[in-house]
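Residue numbers (the numbering used here): 1098 to 2054.
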Amino acid sequence: MTTATRGLAGLTARLTEIAPGLRVETGPGATGPYAYDASNYRVMPQAVAFPRTADDVVAVLRACREAGVPVTARGGGTSMAGNAVGLGVVLDFSRYMNRILDIDAEARTARVEAGVVLDSLRSATALHGLDFGPDPSSHSRCTLGGMIGNDACGNRSVRDGRTSGHVEALEIVTADGVRAVADHSGLRAAEPGDAEAVRRVARLESDLRKLIDGNLAPIRTELGRIPRQVSGFQLHHLLPENGFDMARALVGTEGTCAVVTAATVRLVATAQASTLLTLGYEDVVEAAEDVPEILRFSPSAVEGMDEAIVATMRARRGPDSVTGLPEGRAWLYVEIEGDDAAAVQARAAELLDVLKARGRLTGGRVVDSPAERRSLWRVREDGAGLAARLVDGGESWPGWEDAAVAPENLAAYLRDFRGLLATHRLTGVLYGHFGAGCVHVRIDFDMATGSGRDVMRRFLTEAAALVVEHGGTLSGEHGDGRARSELLKVMYSHRMIDMFAAFKRTFDPDGLLNPGVIVDAAPLDADLALRELPLVDTTFGFPHDEDGFAGAVRRCVGVGRCRSDSGGVMCPSYRATGEENDSTRGRARMLQEMVRGEAVQDGWRSTEVRDALDLCLSCKACSSDCPVGVDMATYKAEFLHQHYKGRLRPRSHYSLGWLPLTSALAGLVARPLNALLRGPLGKLLAWLGGVTTKRRIPAFASRRALRKTLRAARANERAEAVLFVDSFTRAFRPEVAGAASRVLSDAGISCTPEAGLCCGLTWVSTGQLSVARRIMARTVAALDGDDRPVIVAEPSCAAALKRDVPELLGTEAARRVADRVHTFTGALTDLADEDWTPPPLPENVVLQTHCHEYATFKGRRPADLLRRLGVRDVDEAEGCCGLAGNFGFEAEHYDTSIAVAGLALGPRIDNLGARTVVADGFSCATQIDHLAGERDIRALHLAELLDPAADQPGETT
């Protein structure tokens, strides 16, 4: 046992003694994901603690002080400057300390714990017509504690400013474990009856007052000069004229002075009316020139971005993912709000006319559609991720992503900044809060080589001097962190740097709170995560990643959209468990650690990585929802293939992975086999196969039923398309193939069924890639040499043919076949006769879209087709059904499967009423059947809903 190991054991033992209910995790499987945030840095902690109460935080700080162990507070882990990583113990507030303690609608305040996610607060306050003003693009996963740590702003900072302007009081724990309250008039002990705490807090405040009184002049001249001056400590709030506002002074200290456990924040009224203008320009400098004029119209938001972000969004999520932008190569979003809709529209129209007259616009329009506005805001909010991995495959990184100047200086600064980039032969993707003069830029630094790191250091030093020359600040909302703390000496005088150090020492004399940040700064090029790594030999080709598997898992840059509780489908397992390790980000970080080979040293055989991937449902939603296109389903398949190579696999990999073969045999004896499986022997067989006994095994269709269906489908004389009858449809619901054939024929798409082939999906999802390749190669050989569309009724099989087949085989033939693949929805959208009219449809439908269809076939959504065909109300269960192929049938995953179903699908089934349920995926339909229990509910395939031969949907005459 090493000295470090003994020290860690002693610390955890001490914590168990003084805080017996505190959860503390150690080991690479627990600490690996916490070695990263959304920055360029990797700092492996010794342990991660998950406090439930402020008393737990007190215990951690006291124990760590006794042991001399550093402490880093962490919320959503979305820091781009390296503020949320550190040696020692990381405190994750997001897991348990995430309660909204009080909302006082009359006083317009809320009291929240540090781990409350901003969107959770906003949802709660919206019921009272109130909102929390600052709204970072990470609002769906950033926490109030993190926002307080960085003094975050957001898209509407033109109106709402910084977090510090909305904080009434902070509940903190000092470095020596004393609970205190910081408010607008100073510091006080949280427990007035604790005489020792009162004495220590009084002494702390006295020392701080002396420090400020002795340095009034530099504070008044160097701090608070521009609205976005976040760099350093905000000591001007402690000036006599500002009332010694300790609450606001601690905002933006990045966890270096005290640990915030809760806060009372001020709320703002929700605007009654708003509209959005989109303005096009030739470049971002031209856009910045118009910002001062735009600000005269008192907008709530003025956001900018360049063309690279838009191009990447369209490439990743389809051309329809970005609509409403005028012609241009750079754009501004201008939001105008007010209490009167007519007045808001008039201001927007007037502003547009003024800007057209100024002559810089390439185009402009008012966006009236709420759906278009949501789409446009998502592009901006995903800017950091989209810019990280561009459509051309190029990578870019933070480090200088947060500089700010006064808005009137923005154009001049951007002009000089682009010149600086060119001088160093660097490229930057620009976006940001142009109305507040804050520019986010991701730059193609080469941090993997020594020469590249030297270029980065020279550039950052010169960039710091440049922004100071323009009267600006190194950081406008992300904080200084590890990225810019070293550069504070470029911005501030030696006296001010010494003052920052004295301020921190007063709070934290031992330097244990987030060391290396702001004071006694770590070198900006220390602890960089990126380095040169050997290529990893894999079965999948990873054609979109220059460094293969290593480059693929490096896609994750930590922006954390996978930690959102709503919007999109990613990540169902995180939404069910709330654990970082069960998020797409957590898994990607563990895979990065595996490739790195330091903390995780046993490569593909790693049990820590296996466990991190265990609850991944392989839903593929991350490949679409993740701004950088992480595809965890593919990474998991590759890992399982390598992990179990030459070894015994879990029983379910055989029973469920080989289902296409066993189900074909089952069809020969379907009737007696189904009877047997419904009895006690069925449960025994399920247990032997690693399958949960809590589900009914779906009934196998007889070979006779399949032949009958196929004979009817082959009645078409001419064949314009191939109807790919997949293994699930053949084995369990051949009636879907018949309905699909009739609907396609009715829509003017005659087809020939092909029922002897398989996409290989079950072998992919269980990581049996060698078998999958053989199956796929046979299928490709049979389908190639034809140019007819291949229509697949089962969405998961369509997705496998579209994406997995070409990526696993890597042949031109595979790509040709993939290009011809359509889902059933896609075929009716793209190939149906224009004058086709379906049979009468219900007015109300509950829809479960298969995750693979959602992720792979962008712009061809069943919900859109149903609405176009006349269904008035489509209630789509946004999220994964939870069954996810083999996942929900595996005994160890049943509970998670049901928990995922309970997020969106379950409540809709429980409140179904007389509505029709549509689910094209066999997994989805099976999960619905299970959730329905004894109720007479059956999910219809879209083909059954549209079947012209049915008297009622799903009932064929």
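Heads up, the beta-carbon is just placed ideally off N, CA and C, and yes, glycines get one too.
Ends of the alpha helix (DSSP H) at residue i?
i       : result
GLU1909 : 1909 to 1916
ASP1199 : No alpha helix (DSSP H) contains ASP1199, which is instead part of the beta strand (DSSP E) from 1197 to 1201.
TYR1741 : Per DSSP, TYR1741 belongs to no alpha helix (DSSP H) and is neither H nor E.
HIS1750 : 1748 to 1752
VAL1514 : The identity of residue 1514 in the sequence shown is Phe, whereas the question assumes Val. Where PHE1514 is concerned, the enclosing alpha helix (DSSP H) stretches over 1507 to 1520.
Taking the alpha-carbon positions, what's the residue i to residue j distance?
i       : j       : result
ARG1477 : PRO1167 : 36 Å
VAL1766 : LEU1778 : 16 Å
ARG1958 : THR1908 : 28 Å
ASP1257 : CYS1250 : 8 Å
GLY1573 : ALA1501 : 5 Å
ASP1662 : ARG1475 : 16 Å
ALA1446 : ALA1202 : 34 Å
ASP1436 : THR1459 : 31 Å
ALA1106 : ARG1707 : 25 Å
THR1524 : THR1570 : 21 Å
ALA2046 : HIS2027 : 28 Å
ALA1897 : PHE1921 : 14 Å
LEU1630 : ASP1644 : 9 Å
VAL1587 : ALA1484 : 28 Å
ARG1666 : ILE1794 : The residue you asked about is not Arg; residue 1666 is Val in the sequence shown. Going by the C-alpha atoms only, they are around 27 Å apart.
GLY1787 : ALA1895 : 27 Å
ALA1981 : CYS1716 : 6 Å
VAL1431 : SER1395 : 10 Å
THR2054 : SER1217 : With a pLDDT of only 46 at THR2054, under 50, the local geometry of the prediction cannot be trusted, and the value read off the model is given with reservation. Rounded to the nearest angstrom, the two C-alpha atoms are 50 Å apart.
ILE1846 : LEU1925 : 9 Å
ARG1322 : ASP1248 : 16 Å
MET1098 : THR1123 : Summary for MET1098: the model assigns pLDDT 48, below 50, so the residue's position carries little reliability, and this model does not support an answer.
ARG1651 : ASP1728 : 11 Å
GLY1776 : ARG1768 : 13 Å
HIS1281 : THR1558 : 36 Å
Which residue comes first and which comes last in the beta strand (DSSP E) that contains residue i?
i       : result
ALA1427 : 1427 to 1435
CYS1161 : Counting along the chain, CYS1161 falls outside any beta strand (DSSP E), though it belongs to the alpha helix (DSSP H) covering 1151 to 1164.
PHE1147 : 1144 to 1147
ASP1403 : 1398 to 1403
GLY1377 : 1370 to 1378
LEU1841 : Note, LEU1841: premise wrong, no beta strand (DSSP E); alpha helix (DSSP H) at 1831 to 1843.
Among the options, which residue has its Cα nearest to the Cα of residue i?
i       : options                            : result
GLY1664 : ARG1912, GLY1882, ARG1471          : ARG1471
LEU1773 : ASP1199, LEU1758, THR1169, PHE1797 : PHE1797
SER1328 : ILE2006, VAL1887, ALA1211, HIS1575 : HIS1575
GLU1293 : LEU1308, ALA1146, VAL1275, ARG1306 : VAL1275
GLN1442 : MET1544, LEU1373, MET1244          : LEU1373
LEU1449 : ILE1391, ASP1543, GLY1976          : ILE1391
GLU1351 : PHE1597, ILE1540, ASP1304, VAL1614 : VAL1614
Please check the pair residue i and residue j, which I expect to be a contact at CB under 8 Å, by giving their CB distance rounded to whole angstroms.
i       : j       : result
ALA1809 : PRO1831 : With a Cβ gap of about 10 Å, ALA1809 and PRO1831 do not count as contacting.
PHE1514 : LEU1563 : 6 Å
ALA1144 : THR1109 : 7 Å
ASN1180 : GLY1456 : At roughly 42 Å, the Cβ-Cβ gap does not stay under 8 Å, so ASN1180 and GLY1456 are not in contact.
SER1893 : LEU1841 : The Cβ separation is near 20 Å, so there is no contact.
PRO1142 : GLY1183 : 6 Å
VAL1633 : PHE1646 : 4 Å
VAL1997 : PRO1669 : 4 Å
Give the DSSP-derived three-state secondary structure of residue i in the structure shown.
i       : result
MET1098 : Note that MET1098 scores 48 on pLDDT, short of 50, meaning its location in the model is unreliable; the coordinates nonetheless yield the value given after this. Looking at MET1098 - three-state DSSP - the assignment turns out to be coil, as it is neither helix nor strand.
THR2054 : With a pLDDT of 46 at THR2054, under the threshold of 50, the predicted position of this residue should be treated as unreliable, though the coordinate-derived value follows. Three-state result, THR2054: coil.
LEU1737 : helix
TYR1138 : strand
VAL1968 : coil
ALA1277 : strand
GLN2024 : helix
THR1860 : Correcting the residue identity first, residue 1860 is Trp in this sequence and not Thr. TRP1860: helix per DSSP, three-state reduction.
ARG1462 : strand
HIS1333 : helix
TYR1133 : coil
THR2013 : strand
TYR1671 : helix
ALA1681 : It should be noted that the sequence gives Thr, not Ala, for residue 1681. Helix, per DSSP.
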